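Right, one structure below, let's go through it.
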């Protein structure tokens, strides 16, 4: 099936987004939300969701300017080379950092919980699997997404449901407290990394029948994943209490470790959780690599695709290996926040500029 | 015989200066003991010869050879030929026809001969399927004769919409091949694509559809890219789903293209059973696939790498059962799986009368002895037996072989990275499959982007049926 004829349905975009949420929602997000000021954890979660949908809507409107083109080509056509550089360079930087951080964070989790003695350079092989996926193109990524989501999401849902056991609702009262102090907390802004998955539509928008509606798959996936994300934050709180949960690096994983039922064949549910999460990580890194190479090839059309993928894969592998500690990952997510917000805020700005330009040309 | 037909026969045998069809045939078939060129007599001042391969022709040629009155060899003799079909052909066509079992009538000076369809092919009778048995459904299968197989398809699908495109494959030993497709249902692009692939084939000869599949560009390192089947009912169902069917002379198995991974888990019987039963059976097959691929690996992972994943009781039982085993779990598992594959292979290759004994000796006696000798643990024998059993639930033989190979791949992954190794092996397999295409259609269809030519899945059938119902109800 040629790339030109390829059409992706909204359901397939939902699958892609479910994979992105699955890879981003667990490794740092619960910790960041628990450390936001105010203690009303449902508020930063829902605010993040609402802002994410708003960002997806504006991004979809940008993509709708020139249907049949990816985001980079749309920006290049609308705003020329300066606009492309202002969009693609920060976007590429953000993608590279995001790939590196997601890969390393999950490798650290694996190393801490399941494979204590396996060298990190072996565990980072997930990057090569993701590279293999990315080299197959967006059609391959979408097909793999369907399988990974069908396998992974039921496991994650099952684990969340199992997490409902042994809850003490008195440990976090009142549950419905509303305190807007989280808006002044840097952790809230750092946690926005979960809600910007729509940016990865940049390299696949040309396959949508109606790019202007691409916010809907994002919103659908976000709403589907909302109970799981809320579970990742609230289940540890309602099991261990707020203070103890805040002290844990991986509150959700600790919650998984605490589950024990005589009828469960598997005792270590963390291993099951990581198995599902790794599928999503491979999918998300593959999608990001595809985005990265698309951005590169828009700027350098002569660049051979195969070598570009290999270079991106090797670069991600080496840079992820060079991350020295978990603290560095936490700082990395915070330090990327300005770039992330710039990309999300820049999109409406691009949209405005493009529309103004169109109106001028119509008047002329 | 009509006057027109008679005239055209003698027209073909008229002498042409410088031509020598008979000499050409004798030269081509020299040193062939079963080649005969019998002088029938004279007609129109020319000697008339009947040429054929005695091992391939039926009795019709004797109409000429046994005529006692050679003096009266004229048009009347030829008129006695009551064959169903004849054609005129030059030297090349005559050689090819003789190899097919035809009889060639010619004169020493003619440039072309009359090709009479007198072939009597030796073929197996139409019997039950050898590898695709069903309890409910048609009980006959293809044999090795191309014409018989084509006839069976025509009997099954009595419609002019069933089109047949024919060609030959092979430079030295040409073999007839044909492609069936349904007009108005099959994508024309798919038909053209396969026709183009046929035109690119350059090979001396071909023996089986497996070989043909690779020559048609369906190159794959491991996974079969199209189903091969010997059941006409399965082919008819595939044709109605928009696929094409490729037959090859000399083999009972036909190719159904394009193929997707999910097709290999669909038995012919599934369409004849109640839908829920069919879904249940397919689920069992998929579960068997997962068990076959991952059970030995899971055993290795939870007994050597991720010991804490399992419940303590099971871990203790596993440790207890392999207390006296001196090898690492991975080596122990590789050993028993290798042994198992040897038994399976021996069972397939040996004559049926002996294979039952070998399976008994290999499975029961060797299994018992290997436990008593503390080479493998009790638990592993259970795992290995389950793995072997689930391997035979696979509908398609080719896919069963793939599973046998992949099991080792996952096993190595589990030996190195435990549960994570199993997950990574699974991810690699999915990525590998997601990149594959069969005749332009995604191998993982219907997962992911829907392919235009792949409209055969149950959902699409349901939609088509619903549309028809709407049309009828106005």
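Chains as they are written, first to last, in our numbering: chain A, 1 to 364; chain B, 1001 to 1474. Ideal placement from N, C-alpha and C gives every residue a C-beta, glycine not left out. As the structure is a prediction and not an experimental result, all values here were calculated from the model.
Residue 3 of chain A (DSSP reduced to helix, strand or coil)
In this predicted model, residue 3 of chain A has a pLDDT of only 44, less than 50, meaning its place in the structure is not dependable; the value taken from the coordinates is given anyway. If DSSP states are grouped into helix, strand and coil, residue 3 of chain A belongs with coil.
Check whether the Cβ atoms of residue 233 of chain A and residue 33 of chain A sit closer than 8 angstroms, and answer yes or no.
yes
Residue closest to residue 43 of chain A, alpha-carbon to alpha-carbon, out of A/181, A/105, A/12
A/181
Tell me where the beta strand (DSSP E) around residue 1265 of chain B begins and ends.
Taken as a continuous stretch (DSSP letters only), residue 1265 of chain B belongs to no beta strand (DSSP E), as it is neither H nor E.
Less than 8 angstroms between the beta carbons of residue 70 of chain A and residue 193 of chain A, yes or no?
no
For residue 1096 of chain B, which of helix, strand or coil comes out of DSSP?
helix
Do residue 72 of chain A and residue 294 of chain A have their CB atoms nearer than 8 angstroms?
yes
Examine chain B for any beta-carbon lying closer than 8 angstroms to the beta-carbon of residue 114 of chain A, and answer yes or no.
yes
Under a three-way DSSP split, which group does residue 1167 of chain B fall into?
strand
Grouping DSSP H, G and I as helix and E and B as strand, with all else coil, what is residue 1104 of chain B?
strand
Quick one: Cα of residue 1037 of chain B to Cα of residue 1023 of chain B, how far?
10 angstroms
DSSP three-state call for residue 94 of chain A: helix, strand or coil?
helix
Say whether the region 1134-1151 of chain B touches the region 1214-1226 of chain B, bearing in mind that this needs 3 or more beta-carbon pairs closer than 8 angstroms, one atom from each stretch.
no
Does residue 195 of chain A pass the burial test, meaning 16 or more other C-beta atoms within 10 Å, or should it be called exposed?
buried
Cβ closer than 7 angstroms: which chain B residues qualify as neighbours of residue 118 of chain A?
1417
Taking 8 angstroms as the cut-off, does the region 1359-1379 of chain B touch the region 1189-1196 of chain B (at least 3 CB pairs, one atom from each stretch)?
no
According to DSSP, simplified to helix, strand and coil, what is residue 221 of chain A?
helix
Within 7 angstroms of chain A by C-beta, residues of the region 1407-1432 of chain B in sequence order:
1417, 1418, 1419, 1420, 1423, 1424, 1427, 1428, 1430, 1431
For residue 1481 of chain B, which beta-bridge partners are listed by DSSP?
Nothing in the structure corresponds to residue 1481 of chain B, since chain B is present only between 1001 and 1474.
Closer than 8 angstroms between beta carbons: that is the criterion. Which residues of the region 1019-1049 of chain B meet it against chain A?
none
Exposed unless 16 or more other CB atoms sit within 10 angstroms - verdict on residue 1326 of chain B
exposed
Listing by chain order, which chain B residues have their CB less than 9 angstroms from the CB of residue 148 of chain A?
1427, 1430
Kindly list the residues whose CB is nearer than 7 angstroms to the CB of residue 1300 of chain B, restricted to its own chain and excluding five residues on each side of it in sequence; keep chain order.
1329, 1330, 1333, 1411, 1414, 1415
Keeping to the same chain, check which residues put their C-beta closer than 8 angstroms to that of residue 267 of chain A; ignore five residues upstream and five downstream.
260
Just the C-alpha distance for residue 91 of chain A and residue 1263 of chain B, rounded to the nearest angstrom, thanks.
41 angstroms
Could you have a look at residue 1020 of chain B and say whether DSSP puts it in helix, strand or coil?
coil
Can you give the beta carbon distance from residue 63 of chain A to residue 211 of chain A, rounded, assuming they're within the 8 angstroms contact cut?
4 angstroms
Just to confirm, is the Cβ distance from residue 55 of chain A to residue 272 of chain A under 8 angstroms?
no
Quick one: which chain A residues come within Cβ less than 9 angstroms of residue 1310 of chain B?
265, 266, 267, 268
Would a C-beta distance cut-off of 8 angstroms place residue 1269 of chain B and residue 1135 of chain B closer than the cut-off?
yes
Residue 60 of chain A versus residue 17 of chain A - alpha carbon distance
14 angstroms
Shorter than 8 angstroms from the beta carbon of residue 278 of chain A to some beta carbon of chain B?
yes
Among residues of its own chain, excluding the 5 on either side of residue 1070 of chain B, which ones have a beta-carbon nearer than 8 angstroms to its beta-carbon?
Here residue 1070 of chain B scores only 49 on pLDDT, less than 50, and its place in the model should not be relied on; the value that follows carries that caveat. Around residue 1070 of chain B: 1040, 1041, 1042.
According to DSSP, simplified to helix, strand and coil, what is residue 1173 of chain B?
strand
Should the region 1390-1405 of chain B be regarded as contacting the region 1303-1318 of chain B, the criterion being three or more beta carbon pairs within less than 8 angstroms?
no
Residue 1051 of chain B - DSSP class collapsed to helix/strand/coil
strand
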